[in-house]
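Presented below is the structure to which this report refers.
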Amino acid sequence: METVDIVDLIEKGGVAMWPLLVLSILALGTIFERIWFWASLLFKERETVNRVLDAATSNMQVAREIALEARRQPIGRYLYAPLRLANPDPEVFRLALESAADDELASMRRGDKLLEAVIALAPLLGLLGTVLGLISSLGSIRISDLGTASTAGVTLGIAEALITTATGLIVAIVSLAFYRLFQAFWYNQIRVFRKAGGELELLYRQAWLQGEETDTLNQSLNTNTNTNTNTLDVPEVTEK
Numbered sequence: 029m030e031t032v033d034i035v036d037l038i039e040k041g042g043v044a045m046w047p048l049l050v051l052s053i054l055a056l057g058t059i060f061e062r063i064w065f066w067a068s069l070l071f072k073e074r075e076t077v078n079r080v081l082d083a084a085t086s087n088m089q090v091a092r093e094i095a096l097e098a099r100r101q102p103i104g105r106y107l108y109a110p111l112r113l114a115n116p117d118p119e120v121f122r123l124a125l126e127s128a129a130d131d132e133l134a135s136m137r138r139g140d141k142l143l144e145a146v147i148a149l150a151p152l153l154g155l156l157g158t159v160l161g162l163i164s165s166l167g168s169i170r171i172s173d174l175g176t177a178s179t180a181g182v183t184l185g186i187a188e189a190l191i192t193t194a195t196g197l198i199v200a201i202v203s204l205a206f207y208r209l210f211q212a213f214w215y216n217q218i219r220v221f222r223k224a225g226g227e228l229e230l231l232y233r234q235a236w237l238q239g240e241e242t243d244t245l246n247q248s249l250n251t252n253t254n255t256n257t258n259t260l261d262v263p264e265v266t267e268k
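For the sequence shown, the working numbering assigns the number 29 to the initial residue and increments by one for each residue that follows.
And the structure:
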């Protein structure tokens, strides 16, 4: 099987192969970085969510400490954002969740713009390289050479000119495949954040209402106690 010489392939492709090479390096670097990011995130995320929610059912302070320990993960920072507040009301708690979700979901899309640029530019650069190659090959043809063996080089030149188109399409297709994969992961994160945030907010509202009921009961008991004390302190009036 004939091996492909990358350097020779780049030389045959012409000047357009160099920007395509740069785009392919940028795309591969972004793809590997994103694969590492998503792999580490997806393997640890479920455990963090379960631990925080399980703790929140009985003690919000413990849930806060667990989320603080997991702050290196996006889901940990997201759940920690409202828990770090000092006894917020449920509306403030919800706003903290929404703000943290916006920040974390936006940071997860790092690298998407670069892949979008590669997907758009690579085929165009490949086509440009082919057009330049065709111009060079066809421009060397003389009318007197038509139908002779000297035109065989033109055919070879056209074949080499198509190298850039093939390269551009390969770079764009690979980038598009991983781009769509990362988009699927991102949309799944939206569902995970909504579910985890909704459950945490519900648990906090329940704890908040229980605290309000306890405070109301204590105030009522204190009021009754003060009333009874005042009644006992009223001096008796004796008739003269």
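Backbone N, C-alpha and C define an ideal beta-carbon position, used for all residues, glycine too.
Bear in mind that the values here come from a model prediction, so they are computed numbers and not experimental data.
Using a Cβ distance threshold of 9 Å, leucine 156 and phenylalanine 210 do not count as a contacting pair. For proline 102, the enclosing alpha helix (DSSP H) covers residues 102-111. Under a 10 Å Cβ-count criterion, phenylalanine 71 is classified as exposed, with fewer than 16 other Cβ atoms of the shown protein chains found around its own Cβ. C-alpha of tryptophan 46 to C-alpha of isoleucine 53: approximately 11 Å in a straight line. Counting along the chain, the unbroken alpha helix (DSSP H) around glycine 57 starts and ends at 45-84.
Beyond the five residues adjoining it in sequence on each side, phenylalanine 213 comes within less than 6 Å, by CB distance, of Trp66 in the same chain, given in chain order. Distance between leucine 96 and tyrosine 108, taken at the CA atoms: about 6 Å.
Annotation: aspartate 130 to leucine 81 spans about 21 Å, alpha carbon to alpha carbon. The shortest CA-to-CA distance from glycine 161 to any of Arg92, Lys40, Val220 is the one to Lys40. Apart from the 5 residues on each side of it in sequence, leucine 149 sits with its Cβ closer than 7 Å to the Cβ of Leu51 in its chain, given in chain order. Counting only runs of 4 or more residues that sit fully inside the region 203-232, no alpha helix (DSSP H) segment turns up. In the structure shown, alanine 98 adopts coil according to DSSP, grouped into three states. Collapsing the DSSP output to three states places proline 118 in a helix.
Membership of glycine 41 in the alpha helix (DSSP H) is indicated by the continuous run 34-41.
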